[in-house]
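*Asks:* Per my numbering, the sequence shown starts with residue 2, numbered consecutively.
Ideal Cβ positions, reconstructed from N, Cα and C, are used throughout, including at glycine.
In this text, all values refer to a predicted model and were calculated from it rather than measured experimentally.
Shown below is the structure under consideration.
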Amino acid sequence: GWFAGGRRFWIERWDNRQVGEAWVINSLQRPRPTLTSMRLAFPGEANLPIPELWVGDLDAGTLVQIDTSRWPGQLISGTEIGGTGAGNISSAGSADRLYFVRISRGYQDVELVIADAETGRTRVLLHEKSEPYFSIRTPLFRFLNDGSFLWLSDRTGWNHLYRYDANGTLLGSVTGGDFNVAEILHVDAGRGWIYFKGFGRERGRNPYFEHTYRVRTDGTRLSLLTPEDAAHTTSISPNGRWLVDVYSRPDQVPQAVVRASDGKRRYLLEQLDIRSLVAGGWSAPESFTATAADGKTTLHGTLWKPHRFDPQRRYPVIAYVTPNPNYIGHIAVRFNPATRFESLAQLGFIVAAASTRGQGQGIRDKAFLVHGRGDVRDYPLADSKTALEQAAASRPYMDLSRAGVTGYSGGGLMAASLLLTYPDFYKAAVSGAGNHDNNIYDWASGEHYFGNGVPGTALAQTRMSTNQELAANLQGDLLLVHSDTDRNVPMTHSLRLADALVDAGKRFDFLVIPGRDHNLRDRWSYYDRVVWCYFAQRLLGDERQCVDLWKLH
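Quick look at the structure:
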């Protein structure tokens with residue numbers, strides 16, 4: 002990034018020299034297979050990547066290292082392992098000052114720091130402590146024209162904006178209540194408005210629907226700018242006078258409208274025409290709610306049905322799952338008739354996806370998010386199963402005697418965990434690239450979300466449960482799928498589970514996809530057909546349909 006004036010810049014880099022190595026073999030390289038080494042820290046290890054900040058001066062021809070040292074194993078600006086650049090390092094319009102956030106290894110302590118670009122010396126503007134951890138993965142700050150700054154905190158159990166003066170003294174809260182501020186979209190300094198994205202403020206609506214709001218910098222006159230009961234994506238003009246808002250629901254086509262800065266609708270830009278889609282038999286997925294295993298927390302989910310759905314028939318059910326705390330993409334909130342959930346349903350299934358406690362970072366409240374702290378394998382399982390059972394209780398066409406489950410990455414972990422934890426309930430599972438043994442997964446995710454192995458915390462000695470510990474429970478059909486050059490979740494995870502299944506004398510299936518990373522790129526269509534065919538055979542008993550699927554290539 003650049004300082005004001007364009008003569009100084011800053012860079013972020015990571016020192017990985019002491020981090021342990023991991024390897025993948027690319028068998029497709031010619032003429033010889035190649036061994037790729039990577040630095041990968043595991044939860045609880047002592048040697049972690051060390052983040053650094055440097056300032057370069059084009060006139061002086063110098064590089065100065067910023068003094069970032071504070072806690073062992075800390076993160077800078079919320080960037081994840083590998084230094085993706087996602088975070089909030091800013092010069093705030095200054096030519097000689099740099100602001101950054103540092104976070105302790107267990108995410109209990111967070112500081113906003115100001116650095117002198119010439120000397121590298123630093124001082125703390127703001128220090129915040131949060132238990133069991135600061136639930137905002139990438140802390141957010143924003144400076145205003147008068148030198149004060151906005152800070153996003155979870156101190157009330159909800160993510161809200163607070164305003165501090167230039168010396169770090171709290172001036173007051175800007176937002177508050179039982180909802181989450183997710184992102185600052187625009188600051189109109191001249192008119193004194195802050196525009197932001199939020200979740201959960203509008204009662205009686207799906208809390209996963211995104212809305213846009215504005216509020217005065219002193220915290221007054223907060224108003225909703227996108228009133229429709231739908232999920233909104235808003236972009237704001239540089240001068241803050243206009244908003245382009247695209248909104249939809251799974252059962253409502255997208256509309257793109259132009260709004261004035263106060264939210265008043267001025268123009269309809271476009272509305273999708275789906276008459277041909279409906280004529281072809283398409284019907285919208287169905288949203289539903291359920292109560293979590295605690296008997297009180299509301300969960301939200303979606304059901305996809307075959308296009309020519311017959312309520313008098315009984316359909317096998319496939320749960321599409323993921324345990325990732327920062328991801329809720331499996332819960333439909335926008336119009337999208339071309340998802341893999343939709344395509345899987347067309348084979349003759351009801352496909353279900355539901356939230357669980359422990360998911361929805363920045364969307365649900367902190368108590369919801371920190372459920373399962375220290376439990377990387379089992380925390381979402383009971384919620385996922387009970388949501389499926391409650392959905393089926395009032396829908397006789399859902400045949401839970403033929404229940405399957407699938408997911409990819411964290412969802413691959415969860416799909417196998419569900420099959421092995423409830424062997425009398427789930428009959429088949431496809432587990433794609435699952436992180437079945439989180440003792441050998443990325444330390445930053447494992448420690449931040451689950452606290453496993455963090456030195457100096459109550460969970461320092463927590464043992465991570467693995468799927469191989471459940472291998473002896475296997476009764477149904479299990480397919481493991483993994484790429485042999487996956488650098489995000491190395492195939493070692495699936496191989497360790499496979500070894501445990503062999504030791505337990507269990508029959509299972511294993512597909513290796515050669516030479517692809519975690520994103521299968523040009524192999525996704527092949528992977529989808531594998532999933533379709535596996536469930537068609539195991540839950541429908543339809544070998545003919547399975548054969549026909551391979552003719553689609």
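Look up residue 98 in the DSSP assignment and give the residues it is bridged to.
*Replies:* For residue 98, which the question treats as bridged, DSSP gives the partners 117.
*Asks:* Keeping to the same chain, check which residues put their C-beta closer than 8 Å to that of residue 344; ignore five residues upstream and five downstream.
*Replies:* So the qualifying residues of the chain are 529 and 533.
*Asks:* Give the single residue among 90, 493, 17 and 468 whose Cα lies nearest to the Cα of residue 2.
*Replies:* Answer by Cα proximity: 90.
*Asks:* What are the start and end residues of each continuous alpha helix (DSSP H) run of 4 or more residues lying completely inside the stretch 239 to 284, in chain order?
*Replies:* Listed in chain order, the complete alpha helix (DSSP H) runs (minimum 4 residues) inside the stretch 239 to 284 are 276 to 280.
*Asks:* Going by DSSP, name the residue or residues bridged to residue 103.
*Replies:* DSSP, once it has assigned bridges, lists 77 and 112 as partnering residue 103.
*Asks:* Examine the Cβ distances between the stretch 479 to 486 and the stretch 387 to 405 and report whether three or more of them are shorter than 8 Å.
*Replies:* These segments do not touch.
*Asks:* By the DSSP assignment, the alpha helix (DSSP H) with residue 384 in it spans what residues?
*Replies:* Element bounds for residue 384: 382 to 394.
*Asks:* Quick check on residue 510: buried or exposed, where buried means 16 or more other Cβ atoms within 10 Å of its Cβ?
*Replies:* Exposed is the call here.
*Asks:* Over the uninterrupted alpha helix (DSSP H) stretch that includes residue 527, give me the two end residues.
*Replies:* It spans 525 to 536 - the alpha helix (DSSP H) in which residue 527 sits, taken as one unbroken run.
*Asks:* Under the three-state reduction of DSSP, which class applies to residue 216: helix, strand or coil?
*Replies:* Residue 216 falls in the strand class under three-state DSSP.
*Asks:* Measure the alpha-carbon distance for residue 257 versus residue 276 and round it to whole angstroms.
*Replies:* Near 18 Å, if we compare the C-alpha coordinates of residue 276 and residue 257.
*Asks:* Using a Cβ-Cβ cutoff of less than 6 Å, which residues in the same chain neighbour residue 412 once the five nearest sequence positions on both sides are dropped?
*Replies:* Answer for residue 412: 322 and 323, listed in chain order.
*Asks:* For residue 6, does the count of other Cβ atoms within 10 angstroms reach 16, so buried, or fall short, so exposed?
*Replies:* Residue 6 comes out exposed.
*Asks:* Answer yes if the stretch 384 to 396 comes into contact with the stretch 285 to 293, meaning at least three C-beta pairs across the two stretches below 8 Å, and no otherwise.
*Replies:* Verdict: yes, contact present.
*Asks:* Given that a residue counts as buried once 16 or more other Cβ atoms are within 10 Å of its Cβ, and exposed if not, what is residue 331?
*Replies:* Classification for residue 331: buried.
*Asks:* Can you tell me where the alpha helix (DSSP H) with residue 450 in it begins and where it stops?
*Replies:* Where residue 450 is concerned, the enclosing alpha helix (DSSP H) stretches over 444 to 451.
*Asks:* In angstroms with no decimal places, state the Cα-to-Cα distance between residue 163 and residue 126.
*Replies:* Spanning the two alpha carbons is a distance of roughly 14 Å.
*Asks:* Is residue 472 buried or exposed, if buried means 16 or more other CB atoms sit within 10 Å of its CB?
*Replies:* That one is buried.
*Asks:* Please name the residue, chosen from 488, 116 and 476, that lies closest to residue 506 on a Cα-to-Cα basis.
*Replies:* When only C-alpha atoms are compared, the closest one is 476.
*Asks:* Out of 308, 241, 44 and 121, point me to the one whose CA is closest to residue 186's CA.
*Replies:* Ranking 308, 241, 44 and 121 by Cα distance to residue 186 puts 241 first.
*Asks:* Return the CA-CA distance between residue 500 and residue 209, expressed in angstroms with no decimal places.
*Replies:* About 40 Å.
*Asks:* Assuming residue 302 is part of the beta strand (DSSP E), what are its boundary residues?
*Replies:* Looking at the DSSP string, the run of the beta strand (DSSP E) that includes residue 302 is 299 to 305.
*Asks:* Should residue 451 be listed as close to the ligand HEM, given that the test is whether its C-beta is under 7 Å from any heavy atom?
*Replies:* The ligand HEM is absent from the structure shown, which contains no ligands of any kind.
*Asks:* Who does residue 184 pair with in a DSSP beta bridge?
*Replies:* 198, per the DSSP bridge assignment.
*Asks:* Please tell me whether residue 361 and residue 307 are closer than 8 Å, where the distance is taken between their beta carbons.
*Replies:* No; because the gap between Cβ atoms is not below 8 Å, this pair is not in contact.
*Asks:* Can you give me the C-alpha to C-alpha distance between residue 237 and residue 464, rounded to a whole angstrom?
*Replies:* Between residue 237 and residue 464, the C-alpha separation is close to 47 Å.
*Asks:* What do you get for residue 26, buried or exposed, if any count of 16 or more other CB atoms within 10 angstroms of its CB means buried?
*Replies:* Residue 26 should be labelled exposed.
*Asks:* Excluding the 5 residues preceding and the 5 following residue 110 in the sequence, name in chain order all residues of the same chain whose CB lies nearer than 6 Å to its CB.
*Replies:* Cβ neighbours of residue 110 beyond the five flanking positions: 130.
*Asks:* Please report how far the alpha carbon of residue 180 lies from the alpha carbon of residue 336, in whole angstroms.
*Replies:* About 24 Å.
*Asks:* Quick test of the definition: if touching needs 3 or more C-beta pairs under 8 Å, does the stretch 369 to 376 touch the stretch 351 to 360?
*Replies:* Because the criterion of three Cβ pairs below 8 Å is met, the stretch 369 to 376 and the stretch 351 to 360 touch.
*Asks:* Can you check which of these residues, 93, 67, 48 and 57, is closest to residue 73 by C-alpha distance?
*Replies:* Measuring from the Cα of residue 73, the nearest candidate turns out to be 48.
*Asks:* CB-CB under 6 Å to residue 60, same chain, minus the five flanking residues each way: which ones, in chain order?
*Replies:* Result list for residue 60: 8, in chain order.
*Asks:* Does the separation of the CB atoms of residue 488 and residue 438 fall below 8 Å?
*Replies:* Not closer than 8 Å, so no.
*Asks:* For residue 315, list the residues DSSP reports as bridge partners.
*Replies:* In DSSP, residue 315 forms no bridge with anything.
*Asks:* Drop a sphere of 10 angstroms on the beta-carbon of residue 215, count the other beta-carbons inside from all chains shown, and report buried for 16 or more, exposed for fewer.
*Replies:* It counts as buried.
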